[in-house]
Amino acid sequence: MRGIFVICGIEMDAPVKTLFTNANLVLDGFGHLQKSFEVLVAGNRIASVSNTPLAREGARVIDVGGGTLMPGLIDAHAHITGLSLSPRNSKYPAQQIAEASAHYLKASLTDGFTSLREAGGADHTVARLLNEGNLIGPRLFYSGRALTQTGGGADFRTPDEVTDSCGQPGPFSVMSVIADGIDQVRRAAREELRRGASQIKVFASGGVVFPSEAHATLYEYSMDELRAIVEEANARGTYVMAHAYTDDAVRRCLDAGVRSIEHANFVGEATVERMARTGAFLDPTFISLVQRIESAPEAGLSPAIVNNLKATVARGHQVYRWAKRYGVPIAMGTDLWGPEAQHCQIREFAMRIDLDEAANIVRSATRINADLLNQTGNLGVVAEGAYADLLVVDGDPLADVRVLTNPRQNLKLIMKDGIIYKDEL
Ligand SMILES: [Zn+2]
């Protein structure tokens, strides 16, 4: 048995090749485990996947012992800089936000997430620290600051706060930037892309954390603003992910060319059917709402808000069923805020048990999320040429996804980018 968490750098002297033997594989395109495979990792990529013995010269051999070898999990909607239910953050010192982010990243990897798409908050500094090995965590696909309009879903100002000290609507939070009008949204999108954002996040409708609030919008941003944001993302070969709960908001996003529809709990059937035709992805985030319901007493949420949250979950279940019916690719996100909520991240799998087959739920968090992140072939699959982001699981997640929800007990090995971070085999 090796250490649970290697200190970064310890793998420097490790063999360049690792051969996993006696593994039952989660292979894309199959609804059940593929028995007795060998997988050779060379450097940070998968070199070979075979059901006949592979050459083991020069390779460290890891006998999986009939356990499940599967792709690392991808969370398509995370926020690592959140410290509380309010994502505003400006009242917290930077050091505390940094500590919370580092904790979030490490805990996510420990739970089996080898990639995170960050939906507002993380930026190039976090990505650099991860790449240098000075932070331990999943691969990071960051949005930088999310774009929100004045009074939009991520404008966290109180009514007393009008402008920043320069007289402009400015950043009032770590996770978002207020931008209005075509020139400002172009500039805001270009700024995040300049700083290396993997994709642009935009708020296209209000939030539902407090769905009883009086100022909820039906949609946010004009069509011209949305189109300008999509145009800027496309110019860098990437795409837009939009926070959108309402039918109006989602229809407008589809018209503008938004690729990734986050939440979408209140869309109608016709709009779901249109999502299928336009090739947009649905990214449900049930655990975020459920965690808020569960923590309502400590958070002081009123019964009316809790009822709204419950109705939002139920409506999201309907949207999920429509998405299945029309063949919309269903992603997997969590949208949790703060270290105290992170431990719920892996529970998104359990949220879908009554909605979908286990194999589809696993596929959402692997192959589908990889497609969504424009990482087809690189991530989310055990296949030759893919990055060596691999998990060994005790149990069969294609028969019962709940084995994934107890990583402390069932997750025996975590490899990211060819480096082993946990090994209890
Ligand atoms: Zn979010």
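Per numbering that gives the first Met the number 0: the sequence shown ends with 424, consecutive numbering throughout. Ideal Cβ positions, reconstructed from N, Cα and C, are used throughout, including at glycine.
Between the CA atoms of residue j and residue i - distance to the nearest angstrom
{"i": "Val239", "j": "Ala145", "result": "10 Å"}
{"i": "Glu224", "j": "Ser35", "result": "53 Å"}
{"i": "Gln408", "j": "Tyr141", "result": "30 Å"}
{"i": "Glu160", "j": "Asp154", "result": "11 Å"}
{"i": "Leu288", "j": "Asn50", "result": "42 Å"}
{"i": "Ala279", "j": "Pro92", "result": "38 Å"}
{"i": "Ala203", "j": "Arg59", "result": "50 Å"}
{"i": "Trp336", "j": "Ile367", "result": "24 Å"}
{"i": "Gln341", "j": "His123", "result": "22 Å"}
{"i": "Gly384", "j": "Gly143", "result": "29 Å"}
{"i": "Asn359", "j": "Ile345", "result": "16 Å"}
{"i": "Thr109", "j": "Gly417", "result": "16 Å"}
{"i": "Gly30", "j": "Glu98", "result": "40 Å"}
{"i": "Ala263", "j": "Met222", "result": "18 Å"}
{"i": "Leu53", "j": "Thr375", "result": "25 Å"}
{"i": "Lys415", "j": "Ala196", "result": "21 Å"}
{"i": "Ala234", "j": "Val257", "result": "14 Å"}
{"i": "Leu39", "j": "Leu371", "result": "26 Å"}
{"i": "Glu268", "j": "Ala322", "result": "9 Å"}
{"i": "Arg226", "j": "Asp247", "result": "15 Å"}
{"i": "Val201", "j": "Leu32", "result": "38 Å"}
{"i": "Asp62", "j": "Leu26", "result": "19 Å"}
{"i": "Arg138", "j": "Leu217", "result": "34 Å"}
{"i": "Gly273", "j": "Gly132", "result": "Checking the sequence, you will find Arg at residue 273 rather than Gly. If I take the Cα positions, the gap works out to 43 Å."}
Residue i Cβ short of 7 Å to ligand 1 heavy atom set
{"i": "Asp334", "result": "yes"}
{"i": "Ala203", "result": "no"}
{"i": "Ala118", "result": "yes"}
{"i": "His78", "result": "yes"}
{"i": "His316", "result": "no"}
{"i": "His242", "result": "yes"}
Residue i, DSSP secondary structure in three states
{"i": "Arg235", "result": "coil"}
{"i": "Tyr386", "result": "strand"}
{"i": "Asn306", "result": "helix"}
{"i": "Glu356", "result": "coil"}
{"i": "Ala178", "result": "coil"}
{"i": "Ile96", "result": "helix"}
{"i": "Asp469", "result": "Coverage of the chain is limited to positions 0 through 424, which leaves residue 469 absent and any answer about it impossible."}
{"i": "Ser363", "result": "helix"}
{"i": "Pro70", "result": "strand"}
{"i": "Met222", "result": "helix"}
{"i": "Leu108", "result": "helix"}
{"i": "Asn373", "result": "coil"}
{"i": "Phe29", "result": "coil"}
{"i": "Asn264", "result": "strand"}
{"i": "Val40", "result": "strand"}
{"i": "Leu288", "result": "helix"}
{"i": "Thr149", "result": "coil"}
Sub-8 Å separation of residue i and residue j beta-carbons
{"i": "Asp334", "j": "His102", "result": "no"}
{"i": "Leu378", "j": "Ser114", "result": "yes"}
{"i": "Lys421", "j": "Leu410", "result": "yes"}
{"i": "Ser100", "j": "Ala121", "result": "yes"}
{"i": "Leu253", "j": "Thr277", "result": "yes"}
{"i": "Gly152", "j": "Gly119", "result": "no"}
{"i": "Glu347", "j": "Met331", "result": "yes"}
{"i": "Tyr325", "j": "Ala275", "result": "yes"}
{"i": "Asn23", "j": "Gly71", "result": "no"}
{"i": "Pro396", "j": "Met69", "result": "yes"}
{"i": "Leu281", "j": "Arg320", "result": "no"}
{"i": "Val327", "j": "Val361", "result": "no"}
{"i": "Arg193", "j": "Phe265", "result": "no"}
{"i": "Val391", "j": "Thr67", "result": "yes"}
{"i": "Ser73", "j": "Ala369", "result": "The sequence given here places Ile at residue 73; Ser does not occur at that position. It is a contact, given that the beta carbons lie within the stated cut-off."}
{"i": "Ile286", "j": "Val305", "result": "no"}
{"i": "Ala232", "j": "Ile181", "result": "no"}
{"i": "Lys16", "j": "Gly81", "result": "no"}
{"i": "Ile413", "j": "Gly136", "result": "no"}
Residue i: CB within 7 Å of a non-hydrogen atom of ligand 2
{"i": "Gly256", "result": "Ligand 2 is absent from the structure shown, which contains only ligand 1."}
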